[in-house]
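K.L.:
Sequential numbering from 417 applies to the sequence shown in this note's numbering. For each residue, glycine too, the CB sits at the ideal point set by N, CA and C. All values derive from a computational prediction rather than experimental measurement. Please read through the structure below; I'll follow up with questions.
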Amino acid sequence: MAIQNLSLITILMVICKILGTEAFTETPDYLSRVTNMDTSIPTEESRQKCDAMETELDYAIDIEVTVSDIAVINDLRNLLATTSFPYPLTNTIEVTGVNLTTVCYPNGNEFQCRCEERIALSNDSCVLYTHCDDIIQGTCRCINAIPADGQFCQSQPPPKTELDYDIDIEVTVSDIAMINDLRNLLATTSFPYPMTNTIEVTGVNLTTVCYPNGNGFQCRCEERFALSYDSCVLYTPCDDIIQGTCRCINAIPADGQFCQSQPPPKTELDYDIDIEVTVSDIAMINDLRNLLATTSFPYPMTNTIEVTGVNLTTVCYPNGNGFQCRCEERFALSYDSCVLYTPCDDIIQGTCTCINGIPSDGQFCEPQPPFLQAFTMNYDIIYPGTTLQLTCVVPVIMQMGTGSWFVNDMLVSNNTKYSITNSPPTLTVQDMSGDDTGIYMFTMTQSTLTFTYEEFIWVTDVIPPIIQLNMLATNVPCGANENIPLNCCVTYYLLKNVTAKWMDGSVEIPSVQTITNMLCVSIAYPVPKQCNTKQLTCEVMVKKESATEIFTDDVTITFFRGAPDCNDITYGAGMNGNTSTVSSPANFMGSSTAVCENGNWTLVEDNCVFSLIKTLELFSQSLSSANVSSFVKDLRTITTNFESNITQSSATISSIVNILGKVASVSQNISKTSMQDVLETVSILVSPQAENSWAGLNSNNETQNTSSALLESIENITHSLSSNSFTISTTNIELIKTTLTFPFNEAMNSSKIFIPSQGLPSNTSITTIVFTTLEFVLPARTTGNTMNNSINGVVMLAYVNETINNVLLTFDKTNKTKGNNQCVFWNFKVFNGIGGWDSTGCQLQSETNDSVTCSCNHLTSFSILMLPFVPESIEVALNYITYIGVSISMGCLVLCLIIEAFVWSVVTKNSTAHMRHVAIVNIALSLLIANIWFIIGAAVSDVGQSTPKNACSAATFFIHLFYLALFFWMLISALFLFYRTMMIKMSKRTMMAIAFTVGYGAPLIIAIITIAVTAPKNGYFRQGYACWLNWYQTKALLAFAIPALIIIVVNLLILIVILVKLLMRSTGEDRQSEEKNALLVIARCVAVLTPIFGITWGLGIGTMVEPTNLGIQITFAVFNSLQGFFILVFGTLLDSKVRSAVVGRFSFLNSLSSRTKSISVGLSLSSLAECITRRTQSDKYSAEEHLMRQIK
């Protein structure tokens, strides 16, 4: 104790002496190193100087103490630990504290210095003097030397203290837009955000938004926030409670417990530890098995560590000179290990359980996967009657081997039931039934290796037996000495439990039974003597575990007397009014019914459904949400593989719509894959190939709701989509599911949707589906009862699981030639539940030449309807004018041709007259044929509905061709007039060759080029109107307008030239009177008909440019209807030569009828013509004079 006190006194005296010095600026330079315990006492002068100090100064003094006994160090530690500080030395000096900082020990030839507790060396000292412990946070506590610079251990600064505060702020706003602005502000602000040098905002989160909801409030959490379970229960949740939290309550929490950050998921780490145990006694292995079997897992080791399971995987035994390793139950060796170490059992499913060696790489037995997908099947669910394709996926190394297939341990080979192919190995099984349920195995051997895979395949038993009769209603002559062949065949998954028989009332009819892939009973029913209608029944009994079920189907036999009115192979014989119902053709189920009318069987009902689809429809009656994904995958597979069978069958399409309705009713949380399967199926149903089938469905009173049911099913399935965002695109359908962020703006196929901010929760999702081909699927019936409507855009289905009261929809116009636009949605409730278009809640906001924008206050399926510009009453009048006028025109043209034929030999004696009549005949013939094709085109095109492509293309082609021929023959007439006026010499044969080449050759070339260029683009003719050239899509109409306009201009120029020529004619010109008359008629035809045709087709183009102008519509209808009349009048009746010839013909016929027997004089046609010519010449001016008189 004396030594301890002495040490402390010594230290204090040294301190006092130092303080007594006059200079303290640089303390280390004035420190005296104390090398032993002998220290002198400070002088009186020093004490006085210490006493004289008035300013309080703090000094840190380093003192090095050298001791030879380590015990002194410990005593010094204890002394400092028990001494109270501050320790007064004088009235003005006190020691506030003494710390032992560094202790240096000899270490071999060097020293090692270690810091005391809470003391450390700087990083520079650690590096300079070689640290002997870790450098942590830039310091160490041990170095291998005594610091030469005196930089010993220093006190470590206390850790910086940071305080985190969570502050809840409630903000009341009256405008919901401020909430969205706040969201956007927080989303764009960077954190941490400095407030002062010592304060910063690390983050700001919008957690809860409360809206008025009726008489109360509804509070919803923002993304990544949730309410506690207590708050959810206390304030009534408005969504599901998941994992003890909810995100919506129907009140403002009174305790201020708003939404909190959801805790991150607990992180668990799993470790697999392999332990090898060597034992000398085999009994220990069994004891270990028993121990593991009786131990409960998980087994806690600590609060944070638990053993979830311990498995004995591999046991290796000595086997001769080596070892044999066997796997425990549910464990197997990899294929590589099996091959490398020689398997001692079969390789099954790419694994084995025994090898002849201990794996040197430590790859012992591993858990077997629960299911190895070695078999792939064409259907996920095996239905009775389907064809199963089973393909085995074998390891690459064994693909050169030979394989064998087994069904229920029986080796199978190629026959009518089974078909085997290789590369890859595939087994095809025809007509699956319950007897085919069992274990299917494939085995392949290569060298010494064997690969085996087996799987249990089950044929579903939920489908009831399918009964097919060869006829359901037939007609037989009364008293015929013949038998009626009747067949009843049953398809069922387990035929051995089925029996069938024919019944006549309660009496069984003897029958012949055959069993293949179905059970069939056949009878030859004799025609009875009494010709009363007979009903026979096929009775089917199915034995089940609990009871026997009975199914029946009937056939009705009607007898008739006398010779049949109708008779063919399909429906048999029958009288007018009789009905015949026969079974479906191969690969279909159901029946078709025909009625005998006017000596022919007329099909009135077709219920033939593609057999695979019928099987799916029967299965869907017991469909559950658990097997929806497999079911819709099979539906898509069948629909895709048999597209033509399905699109051409109205009954099959209706059956698939029923299936989709069942899928919609049981669906829950539909995945993207399943929705893809559904939309690919629907895309085929609404493909253009199915247009005729939909026309039949929509025109049938019993099936006209099929299209509405299809759209409703898709809407309902959309409601069950999973919460993930995804996009699906098929040939005719596009789907986008995404999170609704405001303002929402999405562009899709030929359409856009815009939803302004409406204060919905941030996690709200929206699903939009666009259909591009529903214009022929959904009929254009509307609640306004307007006729001739048509869908003129895509159909967009939009769904949000919230109330939307403002949405803008933009649709591109499909046909820009149509009339007034109307924004509509599909209302499933109107028209007694069959559905139709309704405009309630929607109005047209804006329109351009290419698009229409609609504003609606709800979401469902939308589109635009186009109403004709022309009112229905006026349109009816126009139709009457057109058809009556065209009929009159055709009558005039026929009369013109008859007159020309009647007087042909009389009026075509010279080349000029001959050419003039050839031209007028071909003009009349071209217009007549064009009018005939116009009537055909109007018949095949149903205005407001989709126009049949092939028929309308043909009508448009011939209308185009012969209208062009009309104008080109007008050109021929003008050119001939020009040629004759200019006195150009040309042979008659040359003129005819040029005329027919130009008159028909040029129109034919133009028409062929037009259809070849525009038809591949689907822009040859106008959709939804009478068949004629398209304008808006391809400008095909120019192929008519340009040649016609050029011909009109050329003809008018020729007329001007002829007029000038006649005014300046020379007196030396001399022409025969007949030729001059012909030239006169040609000139008159060209001068009159060219403007008439020009005006007519100018008005026709005007009806397309200005479809709202009723004056142009009516004027065009009148002029178009009178073209034939103009040709008859100006081309034939106003020709004096023709009139004279007609009069002469009738005079000649009258004179022939009044002759007596004694008169035998004959008159040749040529002499008759001469007589007529002489008689008419005396009363006429010369042709040239007459023309000049008309001009003047």
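Indicate the three-state DSSP secondary structure (helix, strand or coil) for V943 in the structure shown.
P.N.:
Residue state, collapsed to three classes: coil.
K.L.:
Answer yes or no: do K1078 and N1140 have a C-beta to C-beta separation smaller than 8 Å?
P.N.:
The answer is no: Cβ separation not under 8 Å.
K.L.:
Could you name the residues of the same chain whose beta carbon sits closer than 6 Å to that of I546, not counting the 5 residues immediately before and after it, in chain order?
P.N.:
Note on residue identity: the sequence assigns Thr, not Ile, to residue 546. Around T546: N560.
K.L.:
Going by DSSP, what residue range makes up the alpha helix (DSSP H) through R746?
P.N.:
Premise fails: R746 is in no alpha helix (DSSP H) and is neither H nor E.
K.L.:
Taking 8 Å as the threshold (C-beta atoms), are I1144 and M1212 in contact?
P.N.:
No.
K.L.:
Please report the straight-line C-alpha distance between L1387 and S1099, rounded to a whole angstrom.
P.N.:
If I take the Cα positions, the gap works out to 52 Å.
K.L.:
Mapping the DSSP letters down to three states, classify G736 as helix, strand or coil.
P.N.:
Correct three-state label for G736: coil.
K.L.:
Go ahead and label I973 buried or exposed: buried means 16 or more other beta carbons lie within 10 angstroms of its beta carbon, across all protein chains shown.
P.N.:
Buried is the call here.
K.L.:
Specify, as a first and last residue, the run of the alpha helix (DSSP H) that E898 falls within.
P.N.:
Neither: E898 is in no alpha helix (DSSP H) and is coded neither H nor E.
K.L.:
Taking contact to mean at least 3 C-beta pairs separated by less than 8 Å, is the region 979-989 in contact with the region 949-967?
P.N.:
Judged by Cβ distances under 8 Å, the region 979-989 makes no contact with the region 949-967, as fewer than three pairs qualify.
K.L.:
In three-state terms, what does DSSP make of S484?
P.N.:
S484 falls in the coil class under three-state DSSP.
K.L.:
State the Cα-Cα distance for the pair N706 and I721, rounded to the nearest angstrom.
P.N.:
Those two C-alpha atoms are separated by around 24 Å.
K.L.:
Quick one: is K1245 buried, meaning 16 or more other Cβ sit within 10 Å of its Cβ, or exposed?
P.N.:
Burial call: exposed.
K.L.:
Would you tell me roughly how many angstroms separate the C-alpha atoms of C768 and R746, rounded to the nearest one?
P.N.:
Cα to Cα, the separation comes out at about 11 Å.
K.L.:
Measuring CB to CB, does H1376 end up less than 8 Å from L1461?
P.N.:
No, these two residues do not count as a Cβ contact at 8 Å.
K.L.:
Quick check on the DSSP output: the alpha helix (DSSP H) that includes P522 runs from which residue to which?
P.N.:
Where P522 is concerned, there is no enclosing alpha helix (DSSP H), although the beta strand (DSSP E) it sits in stretches over T518 to N523.
K.L.:
What three-state label does DSSP hand K1451 in the structure shown?
P.N.:
Here K1451 sits in coil by DSSP.
K.L.:
By the three-class DSSP mapping on this structure, what secondary structure does V617 have?
P.N.:
Three-state result, V617: strand.
K.L.:
Would you list the residues sitting across from I882 in a DSSP beta bridge?
P.N.:
T907.
K.L.:
Between A979 and S1000, what straight-line distance do the alpha-carbon atoms span, to the nearest angstrom?
P.N.:
Straight-line Cα distance between these residues: approximately 27 Å.
K.L.:
If the criterion is Cβ atoms closer than 8 Å, does the pair S1279 and V1216 meet it?
P.N.:
No. Outside cutoff.
K.L.:
When you compare the region 1031-1041 with the region 1062-1081, are there three or more beta-carbon pairs, one atom per stretch, that lie closer than 8 Å?
P.N.:
Taking 8 Å as the limit for Cβ pairs, the verdict is that the region 1062-1081 does touch the region 1031-1041.
K.L.:
Rounded to whole angstroms, what's the CA-CA distance from D580 to T661? Just pull it up for me.
P.N.:
Cα to Cα, the separation comes out at about 26 Å.
K.L.:
Report the three-state DSSP secondary structure of D1486 (helix, strand or coil).
P.N.:
With a pLDDT of 47 at D1486, under the threshold of 50, the modelled position of that residue is not reliable, and the figure given next carries that caveat. Note: D1486 maps to coil in three-state DSSP.
K.L.:
CB-CB under 6 Å to I1575, same chain, minus the five flanking residues each way: which ones, in chain order?
P.N.:
Unreliable placement is indicated for I1575, whose pLDDT of 33 sits below 50; no coordinate value is reported for it.
K.L.:
Name the two residues that bound the continuous alpha helix (DSSP H) containing F872.
P.N.:
Run containing F872: none in the alpha helix (DSSP H); it sits in the beta strand (DSSP E), L865 to I873.
K.L.:
When the Cα atoms are used, what is the spatial distance from T1618 to T832?
P.N.:
The first residue shown for the chain is 417 and the last is 1608, placing residue 1618 beyond what the model contains.
K.L.:
Since C808 sits in a beta bridge, which residues does DSSP pair it with?
P.N.:
Answer is F791.
K.L.:
Any heavy atom of the ligand ZN inside 7 Å of the beta-carbon of L1095?
P.N.:
As far as ligands go, the structure on display features none, and thus does not contain the ligand ZN.
K.L.:
Spatial neighbours of V589 within its chain, please: C-beta separation below 8 Å, excluding the five flanking residues on both sides.
P.N.:
So the list reads I595, once near-sequence residues are dropped.
K.L.:
For I1152 versus M1164, is the C-beta spacing smaller than 8 Å?
P.N.:
Taking 8 Å as the Cβ cut-off, I1152 and M1164 qualify as a contacting pair.
K.L.:
Quick one: what's T932 bridged to in DSSP?
P.N.:
None, per the DSSP bridge assignment.
K.L.:
Considering only C-alpha positions, which residue in the set A1557, V1534, L1051 and N490 is nearest to S1321?
P.N.:
Looking at the Cα atoms, A1557 is the closest of the given residues.
K.L.:
Using 8 Å as the threshold, is the region 511-527 in touch with the region 492-499, meaning 3 or more CB pairs across them?
P.N.:
These segments touch.
K.L.:
Indicate whether at least one CB of chain C lies closer than 8 Å to the CB of G1547.
P.N.:
Among the protein chains of the structure shown there is no chain C, as only one such chain exists.
K.L.:
Output the distance between the C-alpha atoms of E533 and D688, rounded to the nearest integer angstrom.
P.N.:
Cα-Cα distance, rounded: 42 Å.
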